[in-house]
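Residue numbers (the working numbering): 1 to 179.
Notes for the one structure printed next.
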């Protein structure tokens with residue numbers, strides 16, 4: 001019985017440590033905006049060219065992001081292509097030690113004076129914490145202004161349920177070997 005308790009305790013500790021995140025996991029969003037002095041949109045080349053310094057300000061925060069960002073925080077966006085030469089996994093922005101890397105991208109609308117893109121990416125804090133499937137929305141116009149919103153999806157309990165079932169299976173298998 002003592003071995004069964006140890007196995008159960010190890011499982012509980014594993015579950016507790018697996019759900020400790022430094023990144024916002026409870027859903028929410030962070031929104032950045034910038035003006036024309038720090039940004040250039042090239043419609044012909046389907047690319048964004050940002051100044052090589054802090055070039056955006058946080059203008060809205062909600063949900064799990066409120067512990068990492070406040071309105072007025074600075075962010076840095078990096079140059080990227082959104083059509084044709086897009087490279088998956090490249091860092092798009094960084095702020096307060098958190099980086100967003102874009103995995104997929106879709107051009108929603110593109111006109112003579114504006115473009116809107118959406119995609120899915122990964123948030124990382126530079127350590128062990130990452131969150132996949134963060135959603136982005138980016139809008140830019142020919143006057144040089146842009147806005148960006150990133151949000152996280154609330155994780156479903158299915159992975160924890162699978163881990164729990166696996167631990168129950170291990171415990172039952174160990175119990176069967178002793179008999």
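Virtual Cβ for every residue (Gly too), placed ideally from N, Cα, C.
* **Collapsed DSSP secondary structure at residue 67 in the structure displayed** => helix
* **Enclosing beta strand (DSSP E) for residue 87 [first to last residue]** => Here residue 87 belongs to no beta strand (DSSP E), and DSSP marks it neither H nor E.
* Asked: What span of residues does the beta strand (DSSP E) with residue 55 cover, start to end?
  -> Per DSSP, residue 55 belongs to no beta strand (DSSP E) and is neither H nor E.
* In terms of residues, what are the limits of the beta strand (DSSP E) holding residue 109? -> 98-110
* Cβ shell of residue 74 (< 6 Å), same chain only, five flanking positions each side left out -> 54
* Asked: Is residue 171 helix, strand or coil by DSSP?
  -> helix
* Using the DSSP secondary-structure output, state which residues sit across from residue 122 in a beta bridge. => 101
* Opening and closing residue of the beta strand (DSSP E) in which residue 73 lies -> That residue, residue 73, is in no beta strand (DSSP E); it is neither H nor E in DSSP.
* Just to confirm, are residue 28 and residue 62 a CB contact at a threshold of 7 Å? -> yes
* Asked: Going by DSSP, which residues form a beta bridge with residue 79?
  -> Paired residue(s): none; residue 79 is not in a bridge.
* To do: For residue 34, count neighbouring Cβ atoms within 10 angstroms of its own Cβ and tell me buried if that reaches 16, exposed if not.
  => buried
* CA-CA distance, residue 81 and residue 59? -> 24 Å
* **Nearest residue (CA-CA) to residue 96, options 43, 56, 141, 172** => 56
* **residue 176, DSSP secondary structure in three states** => helix
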